[in-house]
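**Q** First the structure, then my questions, so here it is.
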Amino acid sequence: MNSIFLLAILLGYLAVLFYTAHWAEKKGNSKWTNNPYVYSLSLAVYCTAWTYYGSIGVAANSGLSYLPIYLGPIIIAPSWILILRKIIRISRVNKISSIADFISLRYGNSRFLGALVTVICLTGIIPYISLQLKAISETFHIVTKTPLSNYIFNDTTTLVAVALALFASYYGTQYVDASEKRKGIITAVAMESVLKLVFFVVIGVYVSFFVFDGFDDIYKKASLLKHFKEKNTIGGLSQAINWFLLCVLSMFAIFLLPRQFQVSVIENNRENHINTAVWLFPLYLLIFNLFVYPIAWGGNILFENKNVNSDAYSLLIPQLFDEKTLTVMVFLGGFSAAISMIIVSSIGLSTMITNNILIPYNLLGKLKIAEAISRKSIINSRKIGIFSLIILSYFIYRFFGLNYTLVSIGLVAFVIISQLAPAFFGALFWRRGSKLGAVYGILVGFIICIYTLLIPYTIGLSNTNSTFIADGLFGIKLLKPFQLFGLDYLDPIPHALFWSMLFNFMIYFAVSVSFKGNYRERNYAEMFVDIEKYSSNLENAFVWKGVAYVADIQKVLERFLGEVRTKRALSLFHAKYNIDQNIVTADARFIKFAENLLTGHIGTASSKILIASVVKEEKIALPEVLRILEESQENIIVNKKLSETTNALQKTSAQLQQANQELRNKDAQKDEFLDTVTHELRTPITAIRAASEILHDDEDIPTEMRQQFLQNIISESDRLNRLIDKILDLEKFETGKQKIYLSKNNLTETINKTLQSLQQLIQNKKINVKFETPSPNIRAFYDEERIIQVVHNLISNAIKFCAQPHGAITISVSEEQSFVVVRIHNNGKKINEEDYEAIFDKFYQSRNQNVKKPIGSGLGLAICKQIIEHHKGKIWASNATLEGVTFTFTLPNYNTSETISL
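Right, dumping it as structure tokens:
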């Protein structure tokens, strides 16, 4: 492929990356950028060019040896719910911006420890960034089939490195507070994670099912190759120990790598995003590794006895079959894997350099002198740091060659970073861990790494002329770097991890037990280990004694935060602790609050130094620290109980108010009910009395008129009787006294019975009734007498409200999975939508006299609702599309148990 064309594709891809980051920054807290899936996918920055290319090379040359690096994170992922959540909570409440800040803060804001952690990270990660740039360069030349250029400005990687440096330095330093969330970068990384996975799966499917005839075909052909069996077995006990140590190494890496700490902790927006990450990230790794083996051994089959780089099989295989589009897709996937690691790592390392070396050691100017270090100078130092780190890595790649595989350098980086493990995990779970123990443990572990890994790798693994590797230091065989103290059955990486971790942990433990830390260390130990107790009131747990003035501290805050933000922060503090805003002196809570505000800008050590420069602190004995912490813990418990009691009282008060309102509503309903019942009863009674008085007073009334009055008395008496029956029925239903006698019945027959009883009325009104049923035998589960009452009421209402003339009623029945549905439609006027529910209230029509009142009690629909709901069904009204109203109700079908609770 033409180099210029591929370069244009790369530039286009980088432009899309820029646009994605810009769009995400503008969107802010949009659901598209702030969700658990973006967070989980950003964790896949773990999968670098090492995963994309290097794992294939390892699988091709060593079989299953590539697996432990991915098994470790998969095994440890469920623990994130406890461990990672704790780390995130500690970092959030303390405004931590890097792993160096995290460790430094736990051990008393130690400036030296923060700088040491930064140096460790730089030593491990810069060569690894160089390897990513090397991978980009080599794969570019594989795709374009061009030779590597010795001239810098003819090297495509030069342009790529500069573009990445500009991108990362711009979008990675949007905020002076390094603990702020970089939504643009994280969204871009998540997008790259999706692309690299998709492209890798595509090449895996292509190799497995288009080049070969499935996994079985690859296995059968690969099993014929030399050393296949030896390469694809775990081996004996020694190899199992190697695997175990590599799994442990990758477990450490998923927590401690600067890029992983950046995306998993610093960029976490919500703790509950972890719930998605614990299953999505392991799933991502499993899918990625599903096709590593087929591609690796597919490449071994296709390129048998050919001198090619097995790391590049994913590119060479499609290129072999002239699949240019697929080759470019795979290249872009590998490019994504490399640059996401470069960008995130450089941002994290730049923050660490600025906050833990440049500022605390006055390399940007005197920290205690006003205006010597400003917000602008901090941002510029980080931009220069990111740019310089990427360019430095590029020059290391160009001038030092790094003639090692991606995996080998990656594993060396892992071992170096793992030296932080005892101090890091001790910070989370062990109160006794001290700064001296952490410092000496890390230093000794790092020295062992240098001896067992860095020096041998610098000399060269294959350098047979090196007596250091072959015979050990000063010719002492027990000091062989790869067989230290006679341990000869471990590979170089597990070997270095074992000895460095052993001495690191032992020294950390021994020194911490032997030498007590100062009061600040013990104070932070309590806050880290028991963060669940202190997370909501962290300032209350901070131990400090001395003299400090709010005005002095406020000036320091305004220097870095600005006047507006400082005033807003102070207002929140005063409101949180109910403190008078005019108070002059500052207490321990305010000191901690101020340090936290500065931590994101200048780091934990620098914030302590800066606040200490404007206050007069008194030393505190360790027993007093413990006493203050106990009092603080008691206060927190009391405050928690008071808060719980207050919440309970508020809840009870709300419930009482709600109950009181319900009683008022019931009282109003009772008055309304009595008024309406009185009105409804008075009507027939008045008619009966009037007719009776006429008959009583006028004995000469004609016989026909007498009969008419007597008929009126009988008719009104029947009406009065029906009304009383309905009121009694409704009362029984509402109080639960009414019983429903369920049985299995034929709903079609029930409706037909009801229609027969109304046939004369239907004919008198000249209404056309249409009964639609899919079957003459529709079985349902109900009390037939009560359902006849419901159907009778609904059809009677339909008759009353039908259009005049040309009235039409349509009755339909349909069977659903669990219910039988009955619909009764009339072609009369529609109902106001706001009355859909109100029409089922008692005496609804009596309360709505703005239209001509139809004949009836106003209780029919209320009784229908009670009957249907006692059958565990539903009833509702709705307007038809064209004209009229449809009443619908449901009943349980035959599948419903007769033991249904009623």
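For the sequence shown, numbering that gives the first Met the number 0 assigns the number 901 to the last residue and increments by one with no breaks.
We treat Cβ as the ideally placed atom computed from N, Cα and C, and that holds for glycine.
If you run the structure through DSSP and keep just helix, strand and coil, what is SER2?
**A** Within the sequence shown, the letter at position 3 stands for residue 2. Correct three-state label for SER2: helix.
**Q** So the alpha helix (DSSP H) LEU560 belongs to, where does it begin and stop?
**A** In the sequence shown, counting from the first residue as 1, residue 560 sits at position 561. Element bounds for LEU560: 549-560.
**Q** For the beta strand (DSSP E) containing LEU289, name the first residue and the last one.
**A** Here the question's residue 289 lines up with position 290 in the sequence shown. Counting along the chain, LEU289 falls outside any beta strand (DSSP E), though it belongs to the alpha helix (DSSP H) covering 273-289.
**Q** Check the C-beta distance from VAL884 over to ILE830 and give it rounded, since I have them as a contact under 8 Å.
**A** In the sequence shown, counting from the first residue as 1, residue 884 sits at position 885. In the sequence shown, counting from the first residue as 1, residue 830 sits at position 831. Confirmed, Cβ separation roughly 5 Å.
**Q** Nearest-angstrom Cα distance between LEU121 and LEU348?
**A** Translated into positions along the sequence shown, residue 121 becomes position 122. Translated into positions along the sequence shown, residue 348 becomes position 349. Looking at the two C-alpha atoms, the distance is approximately 7 Å.
**Q** Can you tell me the Cα-Cα spacing of PHE424 and GLN418, whole angstroms?
**A** Along the sequence shown, one-based indexing puts residue 424 at 425. Along the sequence shown, one-based indexing puts residue 418 at 419. Going by the C-alpha atoms only, they are around 11 Å apart.
**Q** Can you tell me whether DSSP reads HIS791 as helix, strand or coil?
**A** Locating residue 791 in the sequence shown gives position 792, where the first residue counts as 1. Helix, per DSSP.
**Q** Report yes if the C-beta distance between ALA337 and GLN131 is below 8 Å; otherwise report no.
**A** As a first step, residue 337 is located in the sequence shown; it is residue number 338 there, counting from the start. As a first step, residue 131 is located in the sequence shown; it is residue number 132 there, counting from the start. Contact: yes.
**Q** Just verifying my parser: in three-state terms, what is the DSSP assignment at TRP914?
**A** Limits of the chain in this structure are 0 at one end and 901 at the other, which puts residue 914 out of reach.
**Q** So what's PRO317 in DSSP terms, helix, strand or just coil?
**A** Taking the sequence shown and counting its residues from 1, one reaches residue 317 at position 318. If DSSP states are grouped into helix, strand and coil, PRO317 belongs with the helices.
**Q** Just reading off the alpha helix (DSSP H) that ASN93 is part of, what are its end residues?
**A** Mapped onto the sequence shown, residue 93 falls at position 94. From DSSP, the alpha helix (DSSP H) with ASN93 extends over 82-93.
**Q** From TYR835 to CYS863, what does the alpha carbon distance come to, in whole angstroms?
**A** As a first step, residue 835 is located in the sequence shown; it is residue number 836 there, counting from the start. As a first step, residue 863 is located in the sequence shown; it is residue number 864 there, counting from the start. So the two alpha carbons sit approximately 14 Å from each other.
**Q** Which whole-angstrom value describes the C-beta separation of THR117 and ALA99, a residue pair presumed to lie in contact below a C-beta threshold of 8 Å?
**A** Along the sequence shown, read from residue 1 onward, the residue named residue 117 stands at position 118. Along the sequence shown, read from residue 1 onward, the residue named residue 99 stands at position 100. Indeed, because the Cβ distance is near 5 Å, the residues count as touching under 8 Å.
**Q** Starting from LYS615, follow its DSSP beta bridges and name the residues at the other end.
**A** Position 616 of the sequence shown holds residue 615. For LYS615, which the question treats as bridged, DSSP gives the partners VAL546.
**Q** Helix, strand or coil, according to DSSP, for TRP296 in the structure here?
**A** Working through the sequence shown from its first residue, we reach residue 296 at position 297. Residue state, collapsed to three classes: helix.
**Q** My guess is that TYR51 and GLY298 are in contact by the Cβ rule of under 8 Å, so how many angstroms apart are they, rounded?
**A** Start at 1 with the first residue of the sequence shown, and residue 51 comes out as number 52. Start at 1 with the first residue of the sequence shown, and residue 298 comes out as number 299. Not a contact, Cβ separation roughly 14 Å.
**Q** To which residues of the same chain is ALA162 closer than 8 Å at the C-beta, ignoring the five residues directly before and after it?
**A** Numbered from 1 along the sequence shown, position 163 holds the residue referred to as residue 162. LEU10 and LEU13, listed in sequence order.
**Q** Report yes or no: do three or more beta-carbon pairs, one from the region 202-215 and one from the region 52-66, lie closer than 8 Å?
**A** Short answer: they don't touch.
**Q** Locate the beta strand (DSSP E) running through LYS769, then write down its first and last residues.
**A** The residue given as residue 769 occupies position 770 in the sequence shown. From DSSP, the beta strand (DSSP E) with LYS769 extends over 767-771.
**Q** Is PHE514 near SER612, with beta carbons less than 8 Å apart?
**A** Here residue 514 is taken as the residue at index 515 of the sequence shown, counted from 1. Here residue 612 is taken as the residue at index 613 of the sequence shown, counted from 1. No; because the gap between Cβ atoms is not below 8 Å, this pair is not in contact.
**Q** Span of the beta strand (DSSP E) holding PHE473?
**A** Along the sequence shown, one-based indexing puts residue 473 at 474. That residue, PHE473, is in no beta strand (DSSP E); it is neither H nor E in DSSP.
**Q** Counting C-beta neighbours from all protein chains within 10 Å, is the total for LYS852 16 or more, i.e. buried, or is it exposed?
**A** As a first step, residue 852 must be located in the sequence shown, where it is residue number 853. Residue confidence for LYS852 is low, a pLDDT of 41 falling below 50, so the modelled location carries little weight and cannot support an answer.
**Q** Measure the CB-CB distance between GLY409 and GLY71 and report whether it falls below 8 Å.
**A** Indexing the sequence shown from 1 puts residue 409 at position 410. Indexing the sequence shown from 1 puts residue 71 at position 72. No, the pair does not count as a contact, with Cβ atoms beyond the cut-off.
**Q** Which two residues bound the contiguous alpha helix (DSSP H) that contains HIS140?
**A** Locating residue 140 in the sequence shown gives position 141, where the first residue counts as 1. Looking at the DSSP string, the run of the alpha helix (DSSP H) that includes HIS140 is 110-143.
**Q** Can you grab the Cα-Cα spacing for the pair PRO257 / TYR283, in whole Å?
**A** Here residue 257 refers to the residue found at position 258 when the sequence shown is read from its first residue. Here residue 283 refers to the residue found at position 284 when the sequence shown is read from its first residue. Between PRO257 and TYR283, the C-alpha separation is close to 20 Å.
**Q** Assign LEU224 to buried or exposed, taking buried as 16 or more other Cβ atoms, counted over all protein chains shown, within 10 Å of its Cβ.
**A** Translated into the one-based positions of the sequence shown, residue 224 becomes position 225. Per the 10 Å Cβ criterion, exposed.
**Q** Indicate the three-state DSSP secondary structure (helix, strand or coil) for SER845 in the structure shown.
**A** The sequence position of residue 845 within the sequence shown is 846, counting from 1. The predicted model places SER845 with a pLDDT of 37, which falls under 50 and marks its position as unreliable; any figure quoted below should be read in that light. Helix at SER845.
**Q** Would you call the region 762-781 in contact with the region 872-892, where contact means no fewer than 3 C-beta pairs closer than 8 Å?
**A** Yes, the region 762-781 is in contact with the region 872-892.
**Q** Taking C-beta to C-beta, are SER39 and PHE280 nearer than 8 Å?
**A** Translated into positions along the sequence shown, residue 39 becomes position 40. Translated into positions along the sequence shown, residue 280 becomes position 281. Contact: yes.
**Q** Ordered along the chain, which non-local residues of its own chain (more than five positions away) have a Cβ less than 8 Å from that of GLY806?
**A** As a position in the sequence shown, residue 806 is number 807, starting the count at 1. Here the set comprises LYS764, LYS765, ILE766, ASN767, ILE798, ASN825, ASN826 and GLY827.
**Q** By the 10 Å Cβ neighbour count, where 16 or more other Cβ atoms means buried, how is THR651 classified, buried or exposed?
**A** For this step, residue 651 is matched to residue 652 along the sequence shown. When all chains shown are included, THR651 counts as exposed.
**Q** Please list the segments of the beta strand (DSSP E) lying wholly inside the region 416-472, counting only runs of 3 or more residues, in order along the chain.
**A** Those beta strand (DSSP E) runs which fall completely within the region 416-472 and span 3+ residues do not exist here.
**Q** Residues in its own chain within less than 6 Å of THR809 by CB, not counting five upstream and five downstream?
**A** Counting from 1 along the sequence shown, the entry for residue 809 is found at position 810. Excluding residues within five positions, the ones whose Cβ falls inside 6 Å are LYS769 and HIS824.
**Q** Need the endpoints of the alpha helix (DSSP H) that PHE481 sits in, please.
**A** Taking the sequence shown and counting its residues from 1, one reaches residue 481 at position 482. Premise fails: PHE481 is in no alpha helix (DSSP H) and is neither H nor E.
**Q** Whose C-beta lies closer than 7 Å to the C-beta of PHE502 among residues of the same chain, with five residues either side of it excluded?
**A** In the sequence shown, the residue the question calls residue 502 occupies position 503. Closer than 7 Å at Cβ, skipping near neighbours: VAL443, GLY444 and ILE447.
**Q** Using the three-state DSSP reduction, which class does LEU236 fall into: helix, strand or coil?
**A** By one-based count along the sequence shown, residue 236 stands at place 237. Reduced to three states, the DSSP call for LEU236 is helix.
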